[in-house]
Amino acid sequence: MNSTGIIGYGHMGGMLVKGFITSGALSPGEIVVASRSRRSLDACAAAWPGVGIAATNADIARRCRTVIIAVRPQEVGGVLCEIAPALAGDEHIVSLAAGISLAAIEDAYTGPVTRVVPTITSAVGEGTTLVCHGRQVGMDNALRVERLFSAIGSVVAVSEADLPAATLLSSCGPGLLASLIEELAGAAVRASGIPPDRALLLATEMVAATGAYLRETGRAPGDLVGEVATGGGITEVGVRGFRERLPAVFDEVFAAMLERYGTVGRPLSDERSYPR
Ligand SMILES: NC(=O)c1ccc[n+]([C@@H]2O[C@H](COP(=O)([O-])OP(=O)(O)OC[C@H]3O[C@@H](n4cnc5c(N)ncnc54)[C@H](OP(=O)(O)O)[C@@H]3O)[C@@H](O)[C@H]2O)c1
Numbered sequence: 018m019n020s021t022g023i024i025g026y027g028h029m030g031g032m033l034v035k036g037f038i039t040s041g042a043l044s045p046g047e048i049v050v051a052s053r054s055r056r057s058l059d060a061c062a063a064a065w066p067g068v069g070i071a072a073t074n075a076d077i078a079r080r081c082r083t084v085i086i087a088v089r090p091q092e093v094g095g096v097l098c099e100i101a102p103a104l105a106g107d108e109h110i111v112s113l114a115a116g117i118s119l120a121a122i123e124d125a126y127t128g129p130v131t132r133v134v135p136t137i138t139s140a141v142g143e144g145t146t147l148v149c150h151g152r153q154v155g156m157d158n159a160l161r162v163e164r165l166f167s168a169i170g171s172v173v174a175v176s177e178a179d180l181p182a183a184t185l186l187s188s189c190g191p192g193l194l195a196s197l198i199e200e201l202a203g204a205a206v207r208a209s210g211i212p213p214d215r216a217l218l219l220a221t222e223m224v225a226a227t228g229a230y231l232r233e234t235g236r237a238p239g240d241l242v243g244e245v246a247t248g249g250g251i252t253e254v255g256v257r258g259f260r261e262r263l264p265a266v267f268d269e270v271f272a273a274m275l276e277r278y279g280t281v282g283r284p285l286s287d288e289r290s291y292p293r
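The working numbering applies: residue 18 is where the sequence shown begins, and numbers increase by one.
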């Protein structure tokens, strides 16, 4: 009953199993996984001997004290319908689903509920998991979940109102930055003929090193710009171009992502009904 259950063995579910085990936060025997397809469950069993495989989502609810829901937002309602009858009321539901509010989940389950937003970079123990606890979450459950996720990176508590913008930065951000790396490398290739794999390697290393530099020195990005983009120099030309054009591009991109965030999860009230 002290086990941690994970419903959905996709990108995030798989990353969490790997992260919790390799960090030592949980032993395989403390994890139980359920997923829709036999193929995913077989992959989990093959990769992580000792991890429990549940026959159904309801089985997870019966066996686990913490139930992590790692399915896509539009699938959360169906999963809640399946597990609600098997929940006693003291299990801690932890939802990863973007755009599914605490209130929507608490409408289906009156016990403790927390929203967490990890990031793909948690797979290498880097990046921030955002945490937002519901009203029913006591100190014990809050600390247990925060300790668990701090094993795969840092943990930052945010209000639910701030969750969309924080998600865009910390969880969508790696996808945005990876596409910027591609653009930087692509521009270098088009401008000079440098081999694409060499350009990609240099751009990737540069981004990783810039993050490490900012983190280790504690300097603000603007200070770093000042150090590199000296007056009349080469970088200054590029920074000026970015500063003229990027704010408009980023405002447009963020507005579009926030709009998408607001519509990503089908309202849970659309589900037929939740057995209570
Ligand atoms: N990807 C990210 O960077 C990221 C970051 C933070 C939060 N999130 C959130 O994490 C959640 C999962 O995202 P993801 O990228 O891991 O999606 P994903 O790769 O599509 O994985 C979802 C998994 O859910 C399983 N599933 C679907 N319906 C199910 C059901 N009724 N019962 C049990 N399992 C079911 C599927 O299992 P089968 O494979 O067995 O069919 C699939 O593997 C989403 O809500 C997303 O908003 C994602």
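Even for Gly, the Cβ is constructed at its ideal location relative to N, Cα and C.
Asked	Found
Rank Leu201, Tyr230 and Leu217 by C-alpha distance to the C-alpha of Phe259 and give the top, closest one.	Leu201
Would you mind giving the Cβ-Cβ distance between Val148 and Val162, rounded to the nearest angstrom? I have them listed as a contact below 8 angstroms.	7 angstroms
Here's the rule I'm using: 16 or more other beta-carbon atoms within 10 Å means buried, otherwise exposed. How should Pro292 be labelled?	Its pLDDT being 40, under 50, Pro292 is placed unreliably by the model, and nothing is read from it.
With DSSP run on the structure shown, which of helix, strand or coil describes Thr83?	strand
Less than 6 angstroms between C-beta atoms, sequence neighbours within five positions excluded: which residues of the same chain meet that for Ser57?	Tyr26
Under three-state DSSP, which class holds Gly69?	strand
Would you kindly check if the distance between the Cβ of Ile169 and the Cβ of Ser40 is under 8 angstroms?	yes
Can you confirm whether the segment 74-83 touches the segment 242-253 when touching is taken to mean that 3 or more C-beta pairs between the two stretches lie within less than 8 angstroms?	no
Just checking, does the segment 95-105 make contact with the segment 68-79 on the three C-beta pairs under 8 angstroms criterion?	yes
Just checking Pro135 against ligand 1 - is the residue's beta carbon closer than 7 angstroms to any of the ligand's heavy atoms?	yes
Looking at ligand 1, does it come within less than 7 angstroms of Val300, judged from the CB to the closest heavy atom?	Absent from the structure is residue 300, since the part of the chain shown begins at 18 and ends at 293.
So Arg215 packs on Leu180, CB below 8 angstroms; how close in whole Å?	Not really, about 39 angstroms apart at Cβ, beyond 8 angstroms.
Just the Cα atoms here: how many angstroms apart are Gly228 and Leu160?	28 angstroms
Hey, would you say the C-beta of Ala229 is under 7 angstroms away from at least one heavy atom of ligand 1?	no
Give every residue of the same chain whose Cβ lies closer than 8 angstroms to the Cβ of Gly190, excluding the five residues on either side of it in the sequence, and list them in chain order.	Thr136
First and last residue of the alpha helix (DSSP H) that includes Leu147?	Unbroken run through Leu147 is the beta strand (DSSP E), Thr145 to His150; no alpha helix (DSSP H).
To the nearest angstrom, report how far apart Ala121 and Glu177 are at their CA atoms.	13 angstroms
Rounded to whole angstroms, what's the CA-CA distance from Gly210 to Glu199? Just pull it up for me.	15 angstroms
Using CA coordinates, which residue listed in Val206, Gln153 and Ala51 is at the minimum distance from Glu123?	Gln153
Are there 16 or more other CB atoms within 10 angstroms of the CB of His28, so buried, or fewer, so exposed?	exposed
Straight-line CA distance for Cys93 to Leu104?	Going by the sequence as given, residue 93 is Val instead of Cys. Using only the alpha carbons, I get a separation of about 15 angstroms.
So does Glu92 have its beta carbon nearer than 7 angstroms to some heavy atom of ligand 1?	yes
Helix or strand or just coil, what does DSSP make of Ile211?	coil
Measuring only from the beta carbon, is Ser188 closer than 7 angstroms to any heavy atom that is part of ligand 1?	yes
Mind checking Tyr126: buried by the 16 CB within 10 Å criterion, or exposed?	buried
Whole angstroms are fine: how far does the CA of Ala226 sit from the CA of Leu218?	12 angstroms
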